[in-house]
Each structure stands twice: as structure tokens, then as C-alpha cells.
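Visitor:
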Amino acid sequence: MPMTHHSLLSPMGQMCRTVSATLIAGVWRSRSIAEVEGRIKRLGLREQAGVVGGVLGLLLLLSLFAAQFGIPGLLVFWLGVIALVN
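When you line the sequence shown up against the numbering used here, it's residues 9 to 94, in that order.
#1: Would you call the CB atoms of serine 28 and valine 60 closer than 8 Å?
#2: At a cut of 8 Å, does the region 14-26 reach the region 35-51 through at least three beta carbon pairs?
#3: Can you tell me whether valine 84 is buried or exposed? The criterion is at least 16 other CB atoms within 10 Å of its CB, across all chains shown.
#4: Given this structure, state the Cα-to-Cα distance separating leucine 69 from tryptophan 86, to the nearest angstrom.
#5: How big is the Cα-Cα spacing for glutamine 22 and glycine 52?
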């Protein structure tokens, strides 16, 4: 992989993994974000991509479902995400 692609994709992948770990830790309250991210990092690349893609894909599907209810639905969705992360 050319160096320019690697330098652009690596931070983006880390950010997506951190977001996924934060959302998983929000659901799995007994674990901290660092513990969840550490567990994801220990997986193979294919499994990491599956976990991150699954979490972000589920978030996308939930946002599309919330969008069916218009602005109030999106507001409830975002409030739910904020409550989950905090």
C-alpha cells in the first residue's frame, strides 16, 4: 500500500475503532472504554473490521430508522447516542 494511503487510513481506522469501543462500553457498563478497545485491538484484522463494521453499521441502520420519524426521530436518536456514550 502506498505511504499516502497508509497515512490517511490508519488514523481513520483508529478513530472508528475508538468510536466502536465507546459505543460497546456504553452498552457493556461493567467494562471501561480502554478495556473494550484493548480487546478489539487483540483481535485479528478481519475480526476487528467485523466488530467495527458491525457496530457502525448498526448505528447507521438505527439512524435510518429514526429518520423515518422526521426531526423528532433524529433528535431522539441523537439523545440516545449521547446518553449511551455518557
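In this text, a Cβ means the ideal position worked out from N, Cα and C, and glycines have one as well. Predicted model only: the values in this text are computed from it and were never measured.
Guide: The structure says:
#1: Numbered from its first residue, the sequence shown carries residue 28 at position 20. Numbered from its first residue, the sequence shown carries residue 60 at position 52. Inclusion of serine 28 and valine 60 in the CB contact set at 8 Å is warranted, their separation being smaller than that value.
#2: The answer is yes - the region 35-51 touches the region 14-26, with three or more Cβ pairs under 8 Å.
#3: Here residue 84 is taken as the residue at index 76 of the sequence shown, counted from 1. The residue in question, valine 84, is exposed, as its Cβ has fewer than 16 Cβ neighbours within 10 Å.
#4: Position 61 of the sequence shown, counted from the start, is the residue given in the question as residue 69. Position 78 of the sequence shown, counted from the start, is the residue given in the question as residue 86. Cα-Cα distance, rounded: 13 Å.
#5: To locate residue 22, count along the sequence shown from 1; it is residue 14. To locate residue 52, count along the sequence shown from 1; it is residue 44. Their backbone Cα atoms lie some 14 Å apart in a straight line.
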